[in-house]
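Written out below as structure tokens is the structure these notes cover.
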Amino acid sequence: MSTDAAGLGRARATAFMLPALVLVVVFLVFPALWTIYLGLTDYRLTGLEAAEPRVVGLENYAAALGDPRFQTSLWLTVAYVGGSAVVGQAGLGFALAWVLRTRTGPLRRLVEGTVLLSWILPSTVVGFLWFALLDRDGGTLNALLGTPGTAWLLDHPLLSIIVFNTWRGTAFSMMLYAAALETVPPSHLETARLAGAGVVQQLRDVVLPHIRRHVLTNLLLISLWTFNDFTPFVLTGGGPEGRSEILPIYVYNVALRGGELGAGAAVSFLILLINLVFALAYLRLLRGRPR
Numbered sequence: 018m019s020t021d022a023a024g025l026g027r028a029r030a031t032a033f034m035l036p037a038l039v040l041v042v043v044f045l046v047f048p049a050l051w052t053i054y055l056g057l058t059d060y061r062l063t064g065l066e067a068a069e070p071r072v073v074g075l076e077n078y079a080a081a082l083g084d085p086r087f088q089t090s091l092w093l094t095v096a097y098v099g100g101s102a103v104v105g106q107a108g109l110g111f112a113l114a115w116v117l118r119t120r121t122g123p124l125r126r127l128v129e130g131t132v133l134l135s136w137i138l139p140s141t142v143v144g145f146l147w148f149a150l151l152d153r154d155g156g157t158l159n160a161l162l163g164t165p166g167t168a169w170l171l172d173h174p175l176l177s178i179i180v181f182n183t184w185r186g187t188a189f190s191m192m193l194y195a196a197a198l199e200t201v202p203p204s205h206l207e208t209a210r211l212a213g214a215g216v217v218q219q220l221r222d223v224v225l226p227h228i229r230r231h232v233l234t235n236l237l238l239i240s241l242w243t244f245n246d247f248t249p250f251v252l253t254g255g256g257p258e259g260r261s262e263i264l265p266i267y268v269y270n271v272a273l274r275g276g277e278l279g280a281g282a283a284v285s286f287l288i289l290l291i292n293l294v295f296a297l298a299y300l301r302l303l304r305g306r307p308r
């Protein structure tokens with residue numbers, strides 16, 4: 018009987034892997050294939066199309082790509098990812114990690130604890146907390162700023178969910194960058210300081226080239242998580258007038274509220290393709306030679 022590196026034998030190794038493979042097929046592969054199939058049909062929640070769906074080919078995809086509402090949702094999602102993930106979480110996470118790297122004592126523990134608390138709380142709970150914070154009547158933010166009656170979620174919906182997601186997800190970036198900064202040899206930074214390099218030059222010429230792969234890995238993960246994030250629905254429901262209707266909320270409104278499961282499945286597959294483009298672009302950069 019042939020054996021693998023662990024000496025289990027092919028049959029026993031397959032037996033160990035089989036339960037995991039079954040779970041992958043049942044919960045990942047089958048739903049993905051079923052979504053692709055639904056996207057090619059006019060399947061609905063109710064009516065004749067629910068009982069006898071027809072295969073319509075690429076009509077759902079053509080309708081989605083030509084829908085101004087989908088195009089608006091796509092650009093809102095790009096702005097949401099760029100503002101809250103790339104600029105917000107990655108930028109703020111790195112800034113906190115850089116400032117705290119040499120700090121000790123209760124202040125550091127307080128900042129780290131506060132940031133981590135925002136990350137470990139359930140997303141729905143955080144969403145309702147922020148809803149209370151930004152509420153027009155009796156909201157905490159209006160009380161602090163002395164601006165009673167200001168409707169942040171109605172007047173600035175996209176900015177509100179960007180700030181909300183930045184606060185919620187910064188902890189991951191902060192922890193990853195904190196670990197990455199530990200790998201930067203202190204002697205390199207000391208040499209740069211002795212050579213007269215300022216903080217910006219140290220970051221540009223020493224730190225960022227050294228942690229380049231960590232930066233790209235972090236950007237890949239938080240970009241994909243944010244692109245598929247549904248939590249802003251708790252705050253705005255995609256409104257007002259679609260001004261915060263990012264793609265996951267758009268799919269929900271089309272598939273469940275509108276009952277058009279086929280159209281919703283087609284948009285879901287388009288989101289998968291966009292995620293794939295994101296991932297391939299980051300992986301291409303990741304494979305590039307460091308400076």
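Using my numbering, read the sequence shown as starting at 18 and increasing by one per residue. C-beta: ideal position from N, C-alpha, C; glycine also. Note that the structure is a prediction, hence the values are computed from the model and not measured.
Alpha helix (DSSP H) segment containing residue i, residue limits
i: P203; result: P203 to L211
i: L238; result: R229 to F244
i: N292; result: L278 to R304
i: G259; result: Counting along the chain, G259 falls outside any alpha helix (DSSP H), and DSSP gives it neither H nor E.
i: A107; result: A107 to L117
i: T320; result: Residue 320 cannot be examined here, being either before or after the span of the chain that is shown, 18 to 308.
i: A217; result: It should be pointed out that residue 217 corresponds to Val in this sequence rather than to Ala. Counting along the chain, the alpha helix (DSSP H) containing V217 begins and ends at V216 to Q219.
i: A149; result: S140 to L151
i: V223; result: Neither: V223 is in no alpha helix (DSSP H) and is coded neither H nor E.
i: D172; result: W169 to D172
i: P36; result: R27 to V41
i: T248; result: Neither: T248 is in no alpha helix (DSSP H) and is coded neither H nor E.
i: L93; result: P85 to V98
i: S135; result: P123 to I137
6 Å CB neighbourhood of residue i in its chain, flanking five on each side removed
i: V93; result: Note on identity: in this sequence residue 93 is Leu, with Val being the wrong assignment. Closer than 6 Å at the Cβ level, and outside the excluded window around L93, lie I263.
i: F247; result: P265
i: A280; result: N77 and V271
i: A37; result: none
i: F181; result: W147
i: A102; result: I239, S240 and T243
i: V201; result: V224 and H227
Expected contact under 8 Å - CB spacing of residue i and residue j to nearest Å
i: L198; j: R118; result: 5 Å
i: V72; j: T58; result: 5 Å
i: S190; j: A296; result: Their Cβ separation, rounded to whole angstroms, is 18 Å, which puts S190 and A296 out of contact at 8 Å.
i: A49; j: L287; result: That belief does not hold up - the Cβ atoms of A49 and L287 are roughly 14 Å apart, past 8 Å.
Close-in-space but distant-in-sequence residues of the same chain around residue i (CB under 8 Å, 5 per side omitted)
i: D222; result: A209 and A214
i: N292; result: L241, F244 and N245
i: L278; result: L55, Y60, R61, L62 and A272
i: L302; result: L233
Any non-hydrogen atom of the ligand MG closer than 7 Å to residue i Cβ
i: R126; result: By its list of ligands, the structure shown contains no ligand whatsoever, and the ligand MG lies outside what it can speak to.
Per DSSP, cross-strand counterpart(s) of residue i
i: V72; result: T58
Contacting residues, own chain, Cβ-Cβ under 7 Å from residue i (five flanking each side not counted)
i: L133; result: A188
i: G276; result: R61, L62 and T63
i: T31; result: none
i: R308; result: Summary for R308: the model assigns pLDDT 47, below 50, so the residue's position carries little reliability; its value from the coordinates is reported in the next sentence. Once the five neighbours on either side are set aside, the close Cβ partners of R308 are P226.
Beta carbon proximity, residue i to chain B, threshold 8 Å
i: V73; result: Protein chains in the displayed structure number just one, and chain B is not present.
Does the stretch 147-158 come close enough to the stretch 77-94 to have 3 or more Cβ pairs within less than 8 Å?
no
Is the stretch 170-180 touching the stretch 253-261, taking contact as three or more C-beta pairs under 8 Å?
Output reads yes: the stretch 253-261 touches the stretch 170-180.
Is it a yes or a no for the stretch 104-117 touching the stretch 136-148, going by three-plus beta-carbon pairs under 8 Å?
no
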